[in-house]
Amino acid sequence: MSAEIKFTLNGKKIVYNGDPLRRLLDVIREDLSLTGSKEGCGEGECGACSVLKDGELVTSCIIPVGACCGSDIKTIEGIRDTEKGQCIINAFAEGGAVQCGFCIPGMVMAAYYLLDRNPNPNEDE
Ligand code: FES
Numbered sequence: 004m005s006a007e008i009k010f011t012l013n014g015k016k017i018v019y020n021g022d023p024l025r026r027l028l029d030v031i032r033e034d035l036s037l038t039g040s041k042e043g044c045g046e047g048e049c050g051a052c053s054v055l056k057d058g059e060l061v062t063s064c065i066i067p068v069g070a071c072c073g074s075d076i077k078t079i080e081g082i083r084d085t086e087k088g089q090c091i092i093n094a095f096a097e098g099g100a101v102q103c104g105f106c107i108p109g110m111v112m113a114a115y116y117l118l119d120r121n122p123n124p125n126e127d128e
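Here it is, written out as structure tokens:
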């Protein structure tokens, strides 16, 4: 099965031709060579693959690319050079919040999403 799916990725228009059931994560990493989003669990649980889809934080390992028709997708590559993205990345680095580093892009995306919605979160948030 093949389909033409158009979406925006980090501000760039993308036309994908292929299996609409392929995972968004695979299309981003393999077809579009943006390897910042990582695969951890592959089951939608760990968040290492997190991206923003139309402003919502989603796990790209369980989203079929066919569900992204007309969507605006942002990955870590799309936010890392923004003022907010840089601020978050610097805060993670200064706080030593890196562990092994593999899932950090997902954590940065989650922090970006949180601060986008709530610029002054409390500690629990
Ligand atoms: Fe763990 Fe996607 S890889 S949620």
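The working numbering numbers the first residue of the sequence shown as 4 and each following residue consecutively. In this text, a Cβ means the ideal position worked out from N, Cα and C, and glycines have one as well.
Taking 7 Å as the cut-off, is the beta-carbon of residue i closer than that to any non-hydrogen atom of the ligand FES?
i	result
Ala70	no
Ala51	yes
Glu33	no
Within 10 angstroms of the Cβ of residue i, are there 16 or more other Cβ atoms? Answer buried if so, exposed if not.
i	result
Ser36	exposed
Leu24	exposed
Can you name, in chain order, every residue of its own chain whose Cβ lies under 7 Å from the Cβ of residue i, other than the five neighbours on each side?
i	result
Gly21	Ser5
Gly69	Ala6, Ile8, Pro23 and Leu24
Specify, as a first and last residue, the run of the beta strand (DSSP E) that residue i falls within.
i	result
Ile66	Looking at the DSSP string, Ile66 is not in any beta strand (DSSP E), and its letter there is neither H nor E.
Grab me the residues of residue i's own chain with a C-beta within less than 8 Å of its C-beta, minus the 5 sequence neighbours each way, in chain order.
i	result
Lys87	Tyr115, Leu118 and Asp119
Ala113	Gly50, Ser53 and Leu60
Between which two residues does the alpha helix (DSSP H) containing residue i stretch?
i	result
Leu35	No alpha helix (DSSP H) holds Leu35; DSSP gives it neither H nor E.
Can you tell which of the options has the C-alpha that lies nearest to the C-alpha of residue i?
i	options	result
Cys52	Ile31, Cys103 and Cys72	Ile31
Cys106	Leu27, Leu12 and Glu48	Glu48
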